[in-house]
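Report on the structure given below.
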Amino acid sequence: MSLGTSGFGRPGEAMEALALLLLAGLPAADKLGATLESETARIQRELRAMSDPDPDLKDSKDLIESFISHTSDALKARRYYLGLEELSRARVVLDGVQAVRDNQQAIEKGMPGFEGEWAKTAVALKDLNGNPAPPADVPAVVAALAQSAQSKAIPVLDAAHAYAAESDTRFGFYYLGSAKGAAAFADFCSSLKLARERSPAPLRSVSPELEQLQEKVVNAFRPPRSIKQHSEFIRLNGALKLARELDAAKHYEGALYHYLDAVQQYAALEMKAPGAAQRARVRKQLAALHDRLHGSDRDESIAELFVECAAAQVGAKQPAATAWKGARAIVDVVVPAYFEVLKGPAELEENVRAQTTVTLIRSQVCWPRKSSRGTRARFATFARTTGSRSSPSVSASSTTLPSSSMTCWSPSPGTSGISATAKKAGGTARGATPRARTSSRPT
């Protein structure tokens, strides 16, 4: 699949092409680092060449610069998996801004102008739904990030139509560009020539763990916490939803990635920031985990990403309390959960026997309500929800949709949950007719 408007996949310049040819003789980690440096430089050039964007998108441009800074910091510290994740965020937001910039004439035409561009993109993306295809021998975290990006492309495309119709066609084009960026990043991951240098991890379905965690989340979603931490619950439920969808599609790398993200978010709901003595312990444990994972005979790259994230958070000059909470959650909860998933068959059988409760939660579909807030304020809301993994308050699942202006519906048992975009490229991709109501629980 080709989405020519995105930076990933554009023809490289002569010197870049030569540099990429020289990567063949490098170890996998160094090869990834060199490739990411090249892509980071490409995005920086695009950003510098961009004329002043729509004033309402200034916050998004600032956000891109922040992502690029985090990417550069990660690469300098040789945290290549974190750098890859940060780069994806920069690409998605940049493509959203560029879509608004490049479609001013269509924006002036309103919905008729938007519909044509949306239909073209729907045709390009319709084959993505449930069909991530990274190479089988890449590190698990590369496959996970590709699967994650592709799983978001279709929902963001659906959201683009909803925002254009209910709010502002500029929002529609912003999400349209972001959907293209997500798909293009998945293609970029699939194009990486990174042969896995260690034996594959014994990945499996995390459905039992997801059911248990979902039950804990439902039980925790009670006042006053459900009011005070409402946005945290929304992000947490989003991570669980992505993990369930990827798990059902047997994309176990992406499912594990988002399950561990949900584990971290749930742990952070109650976890206290460590004191001075505990901080020294956390730093020591992070160093030990890095050595253990890096020296393993099997591919531990998904866990390595989380450890890299924690190291980046506490490696700042003055780490905030939330950074220490996040790092502690990764050390004390996330990495143990990772190893629990990868236990051998005998241990798994014992875990299955111990599971006695299953909780079924209906999924919800959300679309924007008309808002009285200014347009720039609403773009800023998007910017805040598309945060950096190097920022302790943001999760791996943070993607696109501002939750404060959402109306949601729960499908009836007979309603299909498959995106209409995947069924037919054309028309509104919001599926069955919703029963509108304001959400009172995480979506």
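Position one of the sequence shown corresponds to residue -6 (this note's numbering), numbered consecutively onward. Every residue gets a Cβ at the ideal spot worked out from N, C-alpha and C, and that includes glycine.
Quick one: grab the DSSP three-state call for serine 289. coil
On the three-state DSSP scale, how would you describe histidine 244? coil
Could you work out which residue in Gln306, His287, Val199 and Gln271 is closest to alanine 330 when comparing CA atoms only? Val199
How many angstroms separate the CA atom of asparagine 230 from the CA atom of serine 224? 10 Å
Is phenylalanine 60 near valine 90, with beta carbons less than 9 Å apart? no
Does the region 256 to 275 come close enough to the region 315 to 324 to have 3 or more Cβ pairs within less than 8 Å? yes
Across the region 202 to 216 and the region 235 to 253, are there enough close Cβ pairs to call them in contact, namely three or more that are closer than 8 Å? yes
Between the region 242 to 254 and the region 128 to 140, do at least 3 Cβ pairs fall closer than 8 Å? yes
Given a cut-off of 9 Å, decide if leucine 80 and leucine 150 are closer than it, judged by their beta-carbon atoms. no
Would leucine 335 and proline 195 be called neighbours here (beta carbons separated by less than 9 Å)? yes
Pull up the distance between the alpha-carbon of arginine 215 and that of alanine 42, whole angstroms please. 49 Å
Given that a residue counts as buried once 16 or more other Cβ atoms are within 10 Å of its Cβ, and exposed if not, what is arginine 72? buried
Would you kindly work out how many angstroms separate the C-alpha atoms of proline 105 and tyrosine 167, rounded to a whole number? 16 Å
In chain order, which continuous runs of the beta strand (DSSP E) of length 3 or greater are located wholly inside the region 186 to 252? none
Assigned secondary structure, proline 48 (DSSP; H/G/I helix, E/B strand, else coil): helix
Taking 9 Å as the threshold (C-beta atoms), are arginine 82 and serine 44 in contact? no
Give the range of the alpha helix (DSSP H) segment to which isoleucine 147 is assigned. 133 to 159
Check for me: the alpha helix (DSSP H) holding arginine 72 runs from which residue to which? Segment: none, arginine 72 is in no alpha helix (DSSP H) and carries neither H nor E.
Segment limits, alpha helix (DSSP H) that includes methionine 104: 104 to 118
Would alanine 255 and leucine 233 be called neighbours here (beta carbons separated by less than 9 Å)? yes
Between the Cα of alanine 153 and those of Glu108, Glu263 and Leu56, spot the shortest distance and give me the residue it belongs to. Glu108
Rounding to the nearest angstrom, what Cα-Cα distance links valine 437 and glutamate 110 in this structure? With the chain running from -6 to 436 in the structure shown, residue 437 is simply not present.
Measuring only the C-alpha atoms, how far is leucine 77 from isoleucine 100? 32 Å
Secondary structure at glycine 26, three-state DSSP: helix, strand or coil? helix
Distance, glutamate 301 Cα to glutamine 311 Cα: 17 Å
What are the boundary residues of the alpha helix (DSSP H) that glycine 165 is part of? 162 to 184
Assigned exposure category for glutamate 439 - 16 Cβ within 10 Å defines buried: The first residue shown for the chain is -6 and the last is 436, placing residue 439 beyond what the model contains.
So leucine 185 and leucine 25 are supposed to be a Cβ contact under 8 Å. How far apart are they, rounded? 7 Å
Could you pull out every residue in the same chain whose Cβ sits closer than 8 Å to the Cβ of leucine 235, ignoring the five residues on either side in sequence? Ser141, Ser144, Lys145, Gly247, His251 and Ser390
Considering only their Cβ atoms, is the gap separating valine 275 from alanine 314 smaller than 9 Å? no
Rounded to whole angstroms, what is the Cα-Cα separation between leucine 187 and aspartate 130? 8 Å
Given alanine 305 as reference, the closest of Glu58, Ser31 and Ser62 once Cα atoms are compared: Ser62
Residues in its own chain within less than 8 Å of serine 67 by CB, not counting five upstream and five downstream? Inspection of the sequence shows that residue 67 is occupied by alanine rather than by serine. The residues are Tyr73, Leu75, Gly76, Glu79, Glu301, Ala305 and Ser383.
Under the assumption that serine 294 contacts alanine 133 (Cβ atoms under 8 Å), give the Cβ distance between them as a whole number of angstroms. 5 Å
Could you check how far apart the C-beta atoms of aspartate 284 and serine 192 are, in whole angstroms? I think they sit under 8 Å. Contact flag wrong, Cβ pair sits at about 19 Å.
Burial state of leucine 169 (16 or more Cβ within 10 Å): buried
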